[in-house]
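One structure is given here, and the rest of the page talks about it.
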Amino acid sequence: MKSLIDKLEKDSILTKDEFTSLIQNHSDDDELYAAKKARKIADDIYGKEIYIRGLIEFTNYCRNDCYYCGIQRSNKCAERYRLSKEQILLCCEQGYELGYRTFVLQGGEDPFYSDEAIEDIVRSIKSRFSDCAVTLSIGEKEYESYKRFFDAGADRYLLRHETANDEHYRKLHPAELSLEHRKNCLYQLKDIGYQVGCGFMVGSPFQTAETLAEDFLFIHDLKPQMVGIGPFIPHQKTRFADEKAGTLKQTLFLLSLLRIMEKNVLLPATTALATIDPTGREKGILAGANVVMPNLSPVDVRSKYTLYDGKVCTGEEAAECRHCLERRIESVGYHVVISRGDYKLV
Ligand code: SAH
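Numbered per the numbering used here, the sequence shown spans residues 481 to 826.
Take a look at the structure:
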């Protein structure tokens, strides 16, 4: 399989069959080979620098019912909360002090926040912290809304496509959600001028080497600036409660392949990865990741933003998280930088 990994490096693409066979048939040795290559590519572009993003989970109300997600509308056990603009700004202030220069506003699709409200929040953050980037991760909206948020100053948008295979998408989502619409949103966001992130869960129910191959082809076509992947982790109050979680091994291998294909992409080592392995983030970095997104949400709401069971770092203050992370990153020979951490063109 090493020849396929070499080919991916050289051509930045493989055929669907080649991706499928690489994902299905690789050895432990291939994983090491890919990780080494991936890390070298990341080092050549981003050096030993790791970018940090302050994640603010500002609402766990959601109008959608994604089958895998703990904050789906029909989970009556979820204790719902919303943050006010003032609370969000307070998180940013704390984050700024700690060296964060990107704030990621993530939430369920919560109609309580009108377009005007989101614009107002984005404008307020950008005017108070003019050297910071604002990333939105608030789901599927109309083109017009995306444009308004962009004009208000939002720089980036994260919208994982979840799976690029139609049939697989339908097994993870209720009928009113469609892959076509989600993909359209991603192309619109790019068109407007956002730095865009797509992505998927590793080991989600019904995922196969073939659906993953389609994810790679879609990512190659979209050319996003960021790709977020992390293991699927079951949530006890969802229909997937008894499904198996994605593995560390597979997530690391796919991170490496993404780095080898998309060279300069911003690639986070996610909280979900840290949840399935105590040193998951460090291992993610060694496999090719160059971004981490610690939590800046107020501690009293953190445990309520439970997309999956066992999420780590829900009890720590932002400052503790920040310092813990710094130590972890240094333990593998990298360091956190105080920077917006924009996408670098090679
Ligand atoms: N409402 C926003 C944010 C979704 S939450 C949106 O639609 O984009 C962010 C990501 O968490 C999701 O895109 C999904 O990939 C991931 N996620 C949700 N449930 C999960 C689970 N059980 N295990 C792992 N990741 C999960």
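Don't be surprised by glycine CBs; every beta carbon is placed ideally from N, CA and C.
Spatial distance of residue i from residue j (CA atoms)
i: Gly-579; j: Ala-558; result: 32 Å
i: Arg-782; j: Ile-532; result: 18 Å
i: Asp-545; j: Ser-658; result: 12 Å
i: Gly-790; j: Arg-543; result: 24 Å
i: Ile-713; j: Ala-613; result: 29 Å
i: Gly-588; j: Asn-540; result: 5 Å
i: Lys-663; j: Asp-822; result: 23 Å
i: Pro-526; j: Leu-825; result: It is worth fixing the name first, because residue 526 is Tyr in this sequence and not Pro. Approximately 11 Å, taken between the alpha carbons.
i: Arg-603; j: Leu-484; result: 46 Å
i: Phe-698; j: Ala-644; result: 6 Å
i: Ser-594; j: Asp-509; result: 51 Å
i: Leu-494; j: Met-773; result: 30 Å
i: Ala-749; j: Thr-755; result: 11 Å
i: Gln-675; j: Asp-635; result: 6 Å
i: Cys-572; j: Glu-537; result: 12 Å
i: Leu-735; j: Leu-692; result: 12 Å
i: Asp-491; j: Arg-553; result: 43 Å
i: Tyr-561; j: Gln-567; result: 12 Å
i: His-715; j: His-815; result: 33 Å
i: Ile-601; j: Tyr-785; result: 20 Å
One or two residues paired with residue i in a DSSP bridge
i: Gln-586; result: Glu-537, Ser-617
i: Arg-636; result: Thr-615, Gln-675
i: His-815; result: Glu-529
i: Phe-680; result: Glu-642, Ile-709
i: Asn-421; result: In the structure as shown, the chain starts at 481 and stops at 826, and residue 421 therefore has no counterpart that could be examined.
Outcome for residue i when other beta-carbon atoms lying within 10 angstroms are tallied against a minimum of 16
i: Gly-813; result: exposed
i: Phe-592; result: exposed
i: Arg-608; result: exposed
i: Asn-505; result: exposed
i: Tyr-623; result: exposed
i: Val-779; result: exposed
i: Glu-798; result: Here the sequence assigns Ala to residue 798, which means Glu is not the residue at that position. Flag for Ala-798 reads buried.
i: Ser-684; result: buried
i: Lys-621; result: buried
i: Gly-677; result: buried
Worksheet item: Can you give, in chain order, each stretch of the beta strand (DSSP E) that sits fully within the segment 693-763 and has at least 3 residues?
Response: 706-711
Worksheet item: Does the segment 758-772 come close enough to the segment 685-694 to have 3 or more Cβ pairs within less than 8 Å?
Response: no
Discussion item. So within the segment 547-600, which uninterrupted beta strand (DSSP E) runs reach at least 3 residues, ignoring any that extend past its ends?
Written reply: 582-587
Worksheet item: With contact counted as at least three CB pairs below 8 Å, one residue from each stretch, are the segment 797-816 and the segment 505-517 in contact?
Response: no
Item to complete: State whether the segment 719-727 contacts the segment 489-506, with contact taken as three or more CB pairs (one from each stretch) at a distance under 8 Å.
Response: no
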